[in-house]
Amino acid sequence: MKQETTRSPVADGDDSRRRGVRRTVTVLVAIVAFFFLISFVQIVLMK
Amino acid sequence: MSHAATHDHHDDHHGAPKNFFQRWVMSTNHKDIGTLYLIFALTMFFIGGSFAMGIRAELFKPGMQLMQPYFFNQLTTMHALVMIFGAIMPAFVGLGNWMIPLMVGAPDMALPRMNNLSFWILPFAFILMLSTLFMPGGGPAGGWTMYPPLALQSDSLAYVVFAVHLMGISSIMGAINIIATILNMRAPGMDLLKMPVFVWSWLITAFLLIAVMPVLAGAVTMLLTDKYFGTNFFNPGGGGDPVLYQHIFWFFGHPEVYIMILPAFGIISEVVPTFARKPIFGYKAMVFAIACIAFLSFIVWAHHMFAVGLPLGAEIFFMYATMLISVPTGVKVFNWVATMWGGSMTFETPMLFSLAFIILFTIGGFSGLMLALVPADFQYHDTYFVVAHFHYVLVTGALFAIISAAYYWMPKWTGNMYSEFWGKVHFWNSVIWVNVLFFPQHFLGLAGMPRRIPDYNVAFANFNMISSIGGFLFGATQLIFIGVLIHCAFFSKKKATDRVWEGAKGLEWTVPSPAPHHTFEVPPVINDDELAHGHVND
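Chains as they are written, first to last, in full-length UniProt numbering: chain B, 1 to 47; chain A, 1 to 538.
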C-alpha cells in the first residue's frame, strides 16, 4: 500500500500543536472544576 | 499536492517494544491502549454478565431459590455499575483510542502518558468495587443510583464512592485527551466537517463527559460526607433533602445515557454507508442531530423522577423536552434508512449487527417515548417495563453497536479476517435470544411487576421463565464471540487487505492491515475522494 504524505514531519508544527493542546486542556480542566463546584453550590442554594 | 511524496513503510521504523511489561503496562501507544481498554471491557462484560445470569436464575420461577434477598440486591447493583462503567464506557473509549487518531490522520493521542494513566486507573477502581462483595456487610445493594437514605446504610459506601471517583477521573482524563486530539492533531486538510461521523460523535460525547462526570463526583462526595463527616446535604433531620440527590444524580445520569449511545450512533454511521456502498445521507444533519441530542440531554433529567412529586409545571416541561429528543433521533434513523435506500447492499456480520441496532434501538426509543408521558409513567415507573426499555437501548443499542464495530475493524486491528460463518451464527443467536430475554419484560412491567425484587407473584411466572431462558442462551451465545475473536487474532489463515471492505472509505483504510505500531508520524495528504465525507462542502 502506498500512501501520499506531506513531507512536513509533525515536529515542524510541534510548537503550535503543543500550544493548542495546552490551551485546550486548560479550558477543559476549568470546565471540569466549574461543574464539580456548581453541584455543591446548587445543593446549598436549593436547600 | 506538488510536494507530496509516497512511501510504503508508514514510519514504522521503530515497532512495538519487545518487552511485555514495557509494551502493555508502560504503553503510550494509542493502539495498544485501545486494545487494553477493549480487553478490559470484554472482561467486565463477562463479569457483569455473570451477575445477570445470577439474577435471571433467581427469577426463573417464583419463590426464593438460590440466594438471600440482600445478595440479590447486591447483584442488581453491581450488574449495573459493572456494565455501565466497566463494559460499555471503556469499550467506546477503546474504540475511540484505536480509531480516532487513524481517522483524523494523527500520529497518536494528544496526551499519550495521560492516556496510559486513564486506562490503568480502571482495573484498580473495579478491583476495589468488586472486592466489597467479599467484605463483611457485602457490596452496595441500593441500586446503581445510590439514592440516600438507603445507600447511606451500606457499609461499603466509602469503597464504592472511591471507586466511582476513580472511574470519573479516568473518564474525564480520557475525554480531555479525545477533545485535545480532535481539535489539535488532525492532519492538514482534515477539516472539522470532513471528519468521520464516529469522530464527531466522540467529540460531542467527550464534552458531555467533561460536564457531567464532575457532577457525579460532587454528588457521591456529598453522600460520603453525609455518612462519615456529619453533614446533612440529604438528611431531612438536619435540614437536607434526599430529593436533591435525585436531581443532581440525574443531571449526571441522563447525559450518561447519551454518553453510552452517541458513539454507537457514530459507529452505525460508519458501518451502514460501507455496506450500502453509498455516502451517508445528510452528513451535516447527522452531525447536527448528535449535537442537538447532546444539548437536550441536559434539560430532561427530571423525567426519571416524575413519581417523586414534582410541581406540575416541571413535569410538563420535562415531558415535552424529553419528547423533543425523538426529533433529532428520528433524523438519524431516517438518514440511516435513506443511506441504505437504493444502495448496493451486502450483509456481512458488522452490517447485520448495525441493521439489528437500527430496528431494535428504535423499539427502545419508542418505549422511552411512552415513559416520557407523565400520566403513563406513573403506571410504568419502577416496573419491568423500564427494565425492558433501557435494555433495548443499551444491549441491542450500545452493545450491538460495539459488537458491530469489533467485527468491522477487527481485520484492521489483527490483519486477519474473522470467520464470517461463526460471525453470522453469533449474530442470529444474539438477535433471537436477546428478544426472548427482554421483550416479555414489557408485558411483565405493564402487568405491574416491580423491578429489583428477588421474588414475585405467580401471575408473572411464565414470562419470567421465558425471559430467563432467553437470558441464559443470550449469555451462552456471547461465548461464540470470544471464539471468533481468538480465532481471528491468532489462528485465522485469511489475511485482510488494507481496505478490508469494498465500500470502506476514510484514512484508517489507507494504512496496512494490521495497522503498524506507528502511523501518520508524517501527516498524510488528504485526498477528498479517499474520505467518506470529503465532498460535503462542494
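Beta carbons: idealized from backbone N, C-alpha and C, even for Gly.
Identification of chain B residues near A/V215 by a Cβ-Cβ cut-off of 8 Å yields F35, F36, I38, S39, ordered along the chain. Separation of the CB atoms of A/V436 and A/I402 is rounded to 21 Å, and the pair is thereby denied contact status at 8 Å. By the criterion of a C-beta distance shorter than 6 Å, A/G174 is surrounded in its chain by V93, S118, once the five residues flanking it on both sides are discounted. Where A/Y456 is concerned, there is no enclosing alpha helix (DSSP H), because DSSP gives it neither an H nor an E. Residue state for A/K495 is assigned as strand, using DSSP reduced to three classes. Judged by DSSP secondary structure, A/W501 falls outside any alpha helix (DSSP H); it is assigned neither H nor E.
Each of A/M89, A/H254, A/I204, A/M410 was checked against the Cα of A/A291, and the nearest Cα belongs to A/I204.
If you check the CB distance, A/I280 and A/S354 do not come in under 8 Å.
Beta-bridge partners assigned by DSSP to A/P107: none are found. Here A/A289 is buried. Its C-beta has 16 or more other C-beta atoms within 10 Å.
For A/P242, the uninterrupted alpha helix (DSSP H) run begins and ends at 242-259, by DSSP. Listed along the chain, the chain B residues whose CB falls inside 8 Å of the CB of A/I172 are V32.
With contacts defined by Cβ atoms closer than 8 Å, A/A52 and A/G343 do not form a contacting pair. For A/T28, DSSP assigns no beta-bridge partner whatsoever. A Cβ-Cβ distance of about 4 Å is found for the pair A/H254 and A/W301, placing them in contact under the 8 Å criterion. Rounded to whole angstroms, the gap between the alpha carbons of A/V220 and A/M89 is 19 Å. For secondary structure counted as the alpha helix (DSSP H) over 4 or more consecutive residues, the region 91-135 of chain A holds these complete runs in sequence order: 112-131. The region 351-367 of chain A and the region 387-401 of chain A touch, with three or more beta-carbon pairs separated by less than 8 Å. Scanning A/M449, A/W413, A/P350, A/K493 for the CA closest to the CA of A/W428 turns up A/P350. In terms of beta-carbon proximity, B/T24 lines the interface with chain A, with at least one pair separated by less than 8 Å. Annotated as proximal: A/T477 and A/S430, with beta-carbon spacing under 8 Å.
At a cut-off of 8 Å between beta-carbon atoms, A/L128 makes no contact with chain B. The alpha helix (DSSP H) runs lying completely inside the region 384-441 of chain A and spanning 4 residues or more are 384-393, 400-414, given in chain order. Taking a Cβ-Cβ threshold of 8 Å, the residues of chain B close to A/I179 are T24, L28, in chain order. A/P450 is bridged by DSSP to A/T383.
DSSP places A/S354 inside the alpha helix (DSSP H), whose first and last residues are 349-372. Not a single CB atom of chain B sits nearer than 8 Å to the CB of A/I100. By the 16-neighbour rule on beta-carbons within 10 angstroms, A/L371 is buried. Using a 10 angstroms sphere on the CB of B/L45, the tally of other CB atoms stays under 16, which defines it as exposed. For A/P328, the uninterrupted alpha helix (DSSP H) segment begins and ends at 326-340. Among the CB atoms of chain B, one or more fall inside 8 Å of the CB of A/I176.
Residues of the same chain with a CB within less than 7 Å of the CB of A/H535, apart from the 5 flanking positions on each side, are D528 in chain order. In this chain, A/T346 is not harboured by any alpha helix (DSSP H), its DSSP state being neither H nor E. Judged by beta-carbon spacing, A/Y407 lies beyond the 8 Å limit of A/S492, meaning their Cβ atoms are not closer than that value. Three or more Cβ pairs closer than 8 Å define a contact, and the region 120-134 of chain A meets that threshold against the region 157-172 of chain A.
Under the three-state reduction of DSSP output, A/P524 falls in the strand class.
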